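Please read the structure below before turning to the comments.
There are 2 protein chains.
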Amino acid sequence: MTREKIYLFDTTLRDGQQTPGIDFSVEDKIAIAAMLDEFGLDYVEGGYPGANPTDTAFFAKKRTSRAAFVAFGMTKRAGVSASNDPGLSQLLQAESDAVCLVAKTWDYHVKVALGCTNDENLDSIRESVEAVAAAGKLPMVDCEHFFDGYKANPEYAIACAKTAYEAGARWVVLCDTNGGTQPPEIRDIVQAVIAAGVPGSSLGIHAHNDTGQAVANSLAAVEAGVRQIQGTLNGIGERCGNANLVTIIPTLCLKEAYSARFETSIDTEKLVELTRLSHAFDELLNRSPDHQAPYVGASAFATKAGIHASALLKDPKTYEHVVPDSVGNFRKVMVSDQGGKANFINALKRRGIEVDKQDPRLDKLIAIVKEREATGYAYEGADASFELLARRTLGSVPDFFAIDGFRVMVERRFDANGHLKTVSEAVVKLSIDGARIMSVAEGDGPVNALDLALRKDLGKYQTEIDDLELVDFKVRILNGGTEAITRVLIESTDNTGVRWWTVGVSENIIDASFQALMDSVVYKLMKNRQLAGKIAAE
Amino acid sequence: MTREKIYLFDTTLRDGQQTPGIDFSVEDKIAIAAMLDEFGLDYVEGGYPGANPTDTAFFAKKRTSRAAFVAFGMTKRAGVSASNDPGLSQLLQAESDAVCLVAKTWDYHVKVALGCTNDENLDSIRESVEAVAAAGKLPMVDCEHFFDGYKANPEYAIACAKTAYEAGARWVVLCDTNGGTQPPEIRDIVQAVIAAGVPGSSLGIHAHNDTGQAVANSLAAVEAGVRQIQGTLNGIGERCGNANLVTIIPTLCLKEAYSARFETSIDTEKLVELTRLSHAFDELLNRSPDHQAPYVGASAFATKAGIHASALLKDPKTYEHVVPDSVGNFRKVMVSDQGGKANFINALKRRGIEVDKQDPRLDKLIAIVKEREATGYAYEGADASFELLARRTLGSVPDFFAIDGFRVMVERRFDANGHLKTVSEAVVKLSIDGARIMSVAEGDGPVNALDLALRKDLGKYQTEIDDLELVDFKVRILNGGTEAITRVLIESTDNTGVRWWTVGVSENIIDASFQALMDSVVYKLMKNRQLAGKIAAE
Numbered sequence: 014m015t016r017e018k019i020y021l022f023d024t025t026l027r028d029g030q031q032t033p034g035i036d037f038s039v040e041d042k043i044a045i046a047a048m049l050d051e052f053g054l055d056y057v058e059g060g061y062p063g064a065n066p067t068d069t070a071f072f073a074k075k076r077t078s079r080a081a082f083v084a085f086g087m088t089k090r091a092g093v094s095a096s097n098d099p100g101l102s103q104l105l106q107a108e109s110d111a112v113c114l115v116a117k118t119w120d121y122h123v124k125v126a127l128g129c130t131n132d133e134n135l136d137s138i139r140e141s142v143e144a145v146a147a148a149g150k151l152p153m154v155d156c157e158h159f160f161d162g163y164k165a166n167p168e169y170a171i172a173c174a175k176t177a178y179e180a181g182a183r184w185v186v187l188c189d190t191n192g193g194t195q196p197p198e199i200r201d202i203v204q205a206v207i208a209a210g211v212p213g214s215s216l217g218i219h220a221h222n223d224t225g226q227a228v229a230n231s232l233a234a235v236e237a238g239v240r241q242i243q244g245t246l247n248g249i250g251e252r253c254g255n256a257n258l259v260t261i262i263p264t265l266c267l268k269e270a271y272s273a274r275f276e277t278s279i280d281t282e283k284l285v286e287l288t289r290l291s292h293a294f295d296e297l298l299n300r301s302p303d304h305q306a307p308y309v310g311a312s313a314f315a316t317k318a319g320i321h322a323s324a325l326l327k328d329p330k331t332y333e334h335v336v337p338d339s340v341g342n343f344r345k346v347m348v349s350d351q352g353g354k355a356n357f358i359n360a361l362k363r364r365g366i367e368v369d370k371q372d373p374r375l376d377k378l379i380a381i382v383k384e385r386e387a388t389g390y391a392y393e394g395a396d397a398s399f400e401l402l403a404r405r406t407l408g409s410v411p412d413f414f415a416i417d418g419f420r421v422m423v424e425r426r427f428d429a430n431g432h433l434k435t436v437s438e439a440v441v442k443l444s445i446d447g448a449r450i451m452s453v454a455e456g457d458g459p460v461n462a463l464d465l466a467l468r469k470d471l472g473k474y475q476t477e478i479d480d481l482e483l484v485d486f487k488v489r490i491l492n493g494g495t496e497a498i499t500r501v502l503i504e505s506t507d508n509t510g511v512r513w514w515t516v517g518v519s520e521n522i523i524d525a526s527f528q529a530l531m532d533s534v535v536y537k538l539m540k541n542r543q544l545a546g547k548i549a550a551e
Numbered sequence: 014m015t016r017e018k019i020y021l022f023d024t025t026l027r028d029g030q031q032t033p034g035i036d037f038s039v040e041d042k043i044a045i046a047a048m049l050d051e052f053g054l055d056y057v058e059g060g061y062p063g064a065n066p067t068d069t070a071f072f073a074k075k076r077t078s079r080a081a082f083v084a085f086g087m088t089k090r091a092g093v094s095a096s097n098d099p100g101l102s103q104l105l106q107a108e109s110d111a112v113c114l115v116a117k118t119w120d121y122h123v124k125v126a127l128g129c130t131n132d133e134n135l136d137s138i139r140e141s142v143e144a145v146a147a148a149g150k151l152p153m154v155d156c157e158h159f160f161d162g163y164k165a166n167p168e169y170a171i172a173c174a175k176t177a178y179e180a181g182a183r184w185v186v187l188c189d190t191n192g193g194t195q196p197p198e199i200r201d202i203v204q205a206v207i208a209a210g211v212p213g214s215s216l217g218i219h220a221h222n223d224t225g226q227a228v229a230n231s232l233a234a235v236e237a238g239v240r241q242i243q244g245t246l247n248g249i250g251e252r253c254g255n256a257n258l259v260t261i262i263p264t265l266c267l268k269e270a271y272s273a274r275f276e277t278s279i280d281t282e283k284l285v286e287l288t289r290l291s292h293a294f295d296e297l298l299n300r301s302p303d304h305q306a307p308y309v310g311a312s313a314f315a316t317k318a319g320i321h322a323s324a325l326l327k328d329p330k331t332y333e334h335v336v337p338d339s340v341g342n343f344r345k346v347m348v349s350d351q352g353g354k355a356n357f358i359n360a361l362k363r364r365g366i367e368v369d370k371q372d373p374r375l376d377k378l379i380a381i382v383k384e385r386e387a388t389g390y391a392y393e394g395a396d397a398s399f400e401l402l403a404r405r406t407l408g409s410v411p412d413f414f415a416i417d418g419f420r421v422m423v424e425r426r427f428d429a430n431g432h433l434k435t436v437s438e439a440v441v442k443l444s445i446d447g448a449r450i451m452s453v454a455e456g457d458g459p460v461n462a463l464d465l466a467l468r469k470d471l472g473k474y475q476t477e478i479d480d481l482e483l484v485d486f487k488v489r490i491l492n493g494g495t496e497a498i499t500r501v502l503i504e505s506t507d508n509t510g511v512r513w514w515t516v517g518v519s520e521n522i523i524d525a526s527f528q529a530l531m532d533s534v535v536y537k538l539m540k541n542r543q544l545a546g547k548i549a550a551e
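Chain order of the listed sequences is U and W. Just remember that our numbering sits 13 ahead of the position in the first sequence, which is counted from 1. Just remember that our numbering sits 13 ahead of the position in the second sequence, which is counted from 1.
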C-alpha cells in the first residue's frame, strides 16, 4: 500500500523566537538551521526578513541545502499594489526558496487590526500570493486565527483559505493562533474546509499548546485530512509553546495508527538522531533538557519501581510503547531510594561490578545510598560518584591521597587605579604517602580557583590527570530559604572522550563543589587503572 | 440542559510517586492530600498500604474530609481465597473510603506476571471486588494495560472489565499503562467496551504522556463516553508522567466543547485557586514551576512581541483563549529585549513610574536593560532589580551608602578534636555619610556569611532593615563549562508581607550573590520611603 506523505514544517526560528526568555543571534540561527536541515525536515522557516536586523542578516543568504528555506512575512497592505508595498518587496528580495505569508482570516481582526474591508483583505491575500509566485518562490499562507475566525464567521474564514489556494498557494496552513481549540473542533473544521474545496493535500496545521494538546491537535488535523504540520524543536514558542515536532515525528514514524498510512521525510536512520537533536538544541538554548519529555527525556524509558524493574528486564517490549533505541534513547533502571535490590545489582553490573545478592556489603551500599539521597545527593545524575561509592563500599578503591584542608578567599576591593576588582584565591593542602603538598591558585571564581589549586600538584599522580577537564558545572539549591542545602553536579572529561558526572552536597556551596571535584579526580585515577588493567589483560 | 458530571480522581500520591526524583514522606502526603481535598477533587488516591512503611503509616487514618480517600492494591492471588490473601487483608484494614484494585487485563501479563489461567484471573477480579464491597468500602478496578491488552485479545480484555463491573465495581478504569495509545484508538476501544455492556457512567480513563497526549487521550475517552478521569497534579508520574489534572480541569470547566455538556466538582470560585495550587505543589516538590505550563505557567498569558503587546492591551479577549483571572493567573506583557517601547512604558506604569514616551532617559533605560540581558541578567524574574534600575536611570534613588569592599573566606580544616570542619566568614566595608563601617560575620556558607555581614550594621538605616528576610536563593550557571557565568536570584520579604526578587550576574558566584543582596537591601530602603511618603500623603 502506498503511504501518503506528511510534510514537516519547522518554525523554531520564527514562531519559536517568541518564547519568553529565548532570543536567537544570527549565529544561533545558522547553527539551528543546519541541525534542522541535516535532520531532514521539509521546510525550515527562518524568520521575518525586514522586521529586525537579526532576521534581515540571516536571510542575506540561503541557510539550508536540502530543506526548503522559508521567509515569513505579511500580506500586502490594502490600498497599495503588491509591487508598491515596501514590506512585501523586502520579503521577496530575501534569499529564500519559499515565502509564508500570514493572512488575517477572522473578520473581527480584519476590521480592527487591518482596518480594511473583508474584500480588500481577500484581494491582499490573492495579490500577495501571486506576487510571491511571480518572484519565483513557492507561496504558502498561514491563516491566522483560523479556528476562532471560523467559529465567528465560517463563510469568511473559508473564503480566505480558498482565495489563498486558488491564487496558487502550495500550502494553506490553518493556525490555532490563540491555542484554545479542542481536537474534535479541529477535526470538524478541517473537514468543513476540505468539503468547501481546499484539498487536504494543500492544507497544513499550526497548533499551540495552551490546553496541552498541540500534538493531539496536529494529529487530529492529519486524521481529518491535512498533510503538513508546523511545529518547533522541543515545543518552544509563544505562551505555552507550539506543537512539538520532537514528539510528533516519532509518533508519525513509529505508531501503527499513523505509520501504516503515512510516511515522512525522516527515515529510520535519521530517527535515531532524535534524542541527540533535542538535547543539542537545549544545549544551544543553555537549558536543561526536560527529563519527562516524550521519547527523548532521560525518564522517558526509566523505571524506578522495584517490581516493575525486574519485570521490565525480563521482557521490555511489554512495558515500553516503542523501542528506546529507535529514537536514540535508552532504557534506564534507576539507582534510587525506590529501587529494589535487583535494581542495584543491575546498576552495578552495567559498571562491571559483580556482587552477590547475599553479600552484606550490598545491603550496606543500599543503606548508604538511601541515607545520602535523603540528605540531597542525587546519584541518578552522578554515575561516577555512584560507581566510586559502590567500589569504595565493596572495598576496591585505593586511598590515592588525603586532603588535609583547603581555604578559599574571595575579595572585592579597589585596585591601585581605583577600579573595583574581585580576586578569588584557593589553597589546597594534601598528603601523598605521608608527604605534605600545598598548592595555591587564583581563578575566575572560588570554585574555579579551588579546581585549579586541587589539580595543580598531585605529586606522583600529576601526569595522570593532565588531560582531565571540567566541562560543566550545575548548582541546585535544595529546600530553599535560609536553611538551604546546595547540590553541585560536575561533568568532567578526558582525552578518551568519556564524560562522567560527580556530585557534592553541603549547606556550603564551596564544600559541595569540593566534594564533586574530589570525586572527579579520584574517579579519573581509578578509571586510568581499570583501563591499564584492561590493556594489560589484552 | 442538565450537564453530566465528570468525576476527578487524583493519583498524585500513588502513581505520581513513581516519578523519577520524587519521593514523598508521610508529612508530604498529608500536606498534599489536604491541598487536593480543599481544592475539591472527588477521589484522592493515597498510595498502597502494606507495600512500604510510608504508605502504611499514611493510611493509619483517613486523610481527607470531602474527597473519598482511596487505597490502592492488587487483586487477590490465584489459589487462595480473598479472605486468606494477606495483601488484600491488609488493604481492607487500611483507613479508606474506597479501594482501587489493579487487575491484569492483558492475557500475556496474566500468564507471565501472574502465572495463572485467564479464568483464575477473572475469579480474582470478581472475588476481590466482592471482598472490598463486603468490607463496606467502595470498590474500583484499574484495568492495567487495558488498551494494549485489547489489541492483543479484545474478548479477554473486555471480559476483565465486564467481570469487574458485574461484581459491583463503582468504576472500571481503562489504563493506558505503557502510554503509547493514540486518541482515535482510545475512542474506538472505549466505544467497544460500552457496546459490550459496561456503561460509560461506570468507566474511567488513566492515561500516560508517552506521546505527549495524556490530556488529549483523557478527553478523547470522555468524548467516547467515560465519566471519570485519573490524573496527577502538574502531570507528575512514571516516565513522561500521567494526565495533568491542572490542564484537564480548566479545559473541562472553561472550554465550550466540554463545559456545554459536562460539569465537575470544581466550581468557579475554586478554579481561581488553580495557579496557586499548581505552584504550591511545585514548591513542596522544591522545583521551579514550568513557565510554559498551560493555564498556570508564568508565560501562559505572556507576550513579548512589541506589536502583539499593543494589540493585546487594546483587546485581550481576541488574543487569549480564556480569561487569565479565571484560573488565578494574570496577563503579562514582558520586560525583555524583544519588547518595544510600549512594553516598557507599561511595565513602569504598573510600578507607579510615569515616564514620557519622548524622554531620552527611557531610551537609555531600554538600552541598559537590553545590554544587561545580553550578558545574562534576567529582569523578567527580578522585578525589584528592574524597578531599582529604572528608578536609578530616571534619577530618583538616593545613594544610601557606598560599598568599599568585601572579603569572604571559606576554610576546611581539622579542629582541635581532629574533626574536619568548614568555616565561612565574611567582612563587609561600607561608608555612610563619609564614615567607614566594617562588619564581620560567620555563616552556614559564604553567601549566608556575606548576607549577615552586610546587614549587621547599616548605621542610621539599621532599624529600617531589621524585618528584612531572605526567603529564597536560586543559582543558575549560564554558558556552562569553564567560561561559566553565574546568575543569582534572591527573594526577600519583610513584615509587610510583600516579596521581591533581585538579580546578580558575574563569573564569580560570590560577586553575583553580593549584587543581588545589595539590590535587595537598597530596594527595601527605597520601598520604606515610598511607604512613608504614601502614609504622609494620606
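All residues carry an ideal CB built from backbone N, CA and C; glycine is no exception. Values in this document were obtained by computation on a predicted structure and should not be read as measured data.
Where the segment 55-66 of chain U meets chain W: residues whose CB sits under 7 angstroms from a CB there: Hits within the stretch: zero.
Check whether D507/U and L401/U have beta carbons under 8 angstroms apart: No, Cβ-Cβ distance for D507/U and L401/U is not below 8 angstroms.
Any 3 or more C-beta pairs closer than 8 angstroms across the segment 88-107 of chain W and the segment 130-143 of chain W: Contact holds: three or more Cβ-Cβ distances are below 8 angstroms.
Chain W contacts made by the segment 510-541 of chain U, where a contact means CB separation under 8 angstroms: So the close ones are S519, E520, N521, I522, I523, D524, F527.
Short Cβ contact (8 angstroms threshold) for V423/U with L481/U: Cβ atoms of V423/U and L481/U: not closer than 8 angstroms.
Burial state of V511/U, where buried means 16 or more other Cβ atoms lie within 10 Å: Looking at its Cβ environment, which holds fewer than 16 other Cβ atoms inside 10 Å, V511/U is exposed.
Cβ neighbour criterion (16 or more within 10 Å) applied to T476/U: Exposed, since its Cβ has fewer than 16 Cβ neighbours within 10 Å.
Members of the segment 218-229 of chain U that neighbour chain W once the beta carbon cut-off is set at 7 angstroms: Interface annotation for the segment 218-229 of chain U against chain W: N222, D223, T224, G225, Q226, V228, A229, criterion Cβ-Cβ distance under 7 angstroms.
Interface flag, C129/U vs chain W, CB-CB below 8 angstroms: No, its Cβ sits nowhere closer than 8 angstroms to a Cβ of chain W.
Proximal residues to K467/W (C-beta, below 7 angstroms), its chain only, five neighbours per side dropped: According to the sequence displayed, residue 467/W carries Leu and not Lys. Residues V441, L530, V534 of the same chain have their beta carbon placed closer than 7 angstroms to that of L467/W, with the five preceding and five following residues left out of the count.
Minimum C-alpha distance to Y390/U - residue among A525/U, I262/U, A448/U: If we check each option's Cα against that of Y390/U, A525/U comes out closest.
Contact set between I490/U and chain W, taken where Cβ atoms lie within less than 7 angstroms: Within 7 angstroms of the CB of I490/U, the CB atoms of chain W belong to F486, K487, V488, in sequence order along the chain.
Stretch-stretch touch, CB-based, cutoff 8 angstroms, three pairs: the segment 144-159 of chain W with the segment 104-113 of chain W: Yes, the segment 144-159 of chain W touches the segment 104-113 of chain W.
M48/W: contacting residues in chain U (beta-carbon distance under 7 angstroms): Under the 7 angstroms cutoff, chain U gives no residues; its nearest Cβ is about 18 angstroms from M48/W.
DSSP three-state assignment for N461/U, whether helix, strand or coil: Helix, per DSSP.
The segment 229-242 of chain W in contact with the segment 195-205 of chain W per 3-pair CB rule at 8 angstroms: Short answer: they touch.
Any 3 or more C-beta pairs closer than 8 angstroms across the segment 208-227 of chain W and the segment 237-245 of chain W: Contact between the segment 208-227 of chain W and the segment 237-245 of chain W is present, because at least three Cβ pairs lie under 8 angstroms.
Pair within 8 angstroms by beta-carbon distance, L127/U and K117/U: Going by C-beta atoms, L127/U is nearer than 8 angstroms to K117/U.
Length of the line joining the Cα atoms of D223/W and L284/U: Going from the Cα of D223/W to the Cα of L284/U covers about 17 angstroms.
Local Cβ density within 10 Å of E455/U, reported as buried at 16 or more and exposed below that: Counting the other Cβ atoms within 10 Å of the Cβ of E455/U gives fewer than 16, which makes it exposed.
C-beta neighbour in chain W for D338/U, strict 8 angstroms: Under the 8 angstroms criterion on CB atoms, D338/U is classed as non-interfacial with respect to chain W.
Proximal chain W residues relative to L312/U, where beta-carbon distance stays under 9 angstroms: Per the sequence presented here, residue 312/U reads as Ser, with Leu not at that position. Neighbours of S312/U on chain W, chain order: T32, P33, G34, E251, R252, C253, G254.
F294/W - DSSP class collapsed to helix/strand/coil: The three-state reading of DSSP puts F294/W in helix, counting H, G and I together.
Residues bridged to E386/W (per DSSP): Looking at the DSSP output, E386/W bridges to nothing.
Pair within 8 angstroms by beta-carbon distance, L515/W and A360/W: A quick correction: the sequence has Thr, not Leu, at residue 515/W. Cβ distance not < 8 angstroms, so T515/W and A360/W don't count as in contact.
Candidates E333/U, H432/U, V206/U: closest to E168/U by CA position: It is V206/U whose Cα lies nearest to the Cα of E168/U.
With 16 other Cβ atoms within 10 Å as the buried cut-off, status of Y536/U: So Y536/U ends up on the buried side.
Per-residue contacts from F427/W into chain U (C-beta, under 8 angstroms): Per Cβ cutoff of 8 angstroms: D417, G418.
Own chain, CB closer than 6 angstroms to Y559/U, minus 5 neighbours either side, in chain order: Outside the shown range of chain U, which is 14 to 551, sits residue 559/U, and nothing can be said about it.
Chain U within 8 angstroms of R27/W, Cβ atoms only: By the rule that beta-carbons nearer than 8 angstroms mark a contact, R27/W does not touch chain U.
Interface residues of chain W facing A44/U [CB-CB closer than 9 angstroms]: By Cβ distance, chain W contributes nothing, its closest Cβ being about 15 angstroms from A44/U, past 9 angstroms.
T506/U, enclosing beta strand (DSSP E) - first and last residue: For T506/U, the uninterrupted beta strand (DSSP E) segment begins and ends at 498-506.
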